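The opening residue of the sequence shown carries number 1 in the UniProt record's numbering; numbering runs sequentially from there.
Every residue gets a Cβ at the ideal spot worked out from N, C-alpha and C, and that includes glycine.
It should be emphasised that the depicted structure is a prediction, and the values quoted were computed from it without experimental measurement.
Below: the structure, in structure tokens.
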Amino acid sequence: MGGLNLEVFKFGMYVMFPIGIMYYFGTNLDNRFSVHDFWPRPEECNKVPRDRDEVKAEYERIVARQRFRQAQMLEEERQRARLQPAPSSNGNDS
1 MGGLNLEVFK FGMYVMFPIG IMYYFGTNLD NRFSVHDFWP RPEECNKVPR
51 DRDEVKAEYE RIVARQRFRQ AQMLEEERQR ARLQPAPSSN GNDS
């Protein structure tokens, strides 16, 4: 193959290869190669607050969650301190 015949062959391959792939796999690629429930539904997604009241409510929710976590951490520290034996000081250093 030389010259013009090679160019026609290459052009045919460049055009027909994608068309052949599309014909082989079909038109419903979204249904054939998709994962069921991969993307979260809109009600499961985070929503950006738009007005002042929504921002304030979100801020209060974050602060309440942070205070709750701090209270949990303090309670865990108290539990650990209560479970650890107190060091004995009986005067013997040996």
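Can you tell me which of the three DSSP states residue i falls into?
i	result
Lys10	helix
Pro40	coil
Val48	coil
Asn28	coil
Gly20	helix
Look at the alpha carbon of residue i and the alpha carbon of residue j, and state the distance between them as a whole number of angstroms.
i	j	result
Gly12	Arg32	28 Å
Val15	Leu6	14 Å
Arg50	Thr27	40 Å
Val35	Phe17	27 Å
Asp53	Tyr24	54 Å
Lys47	Glu76	33 Å
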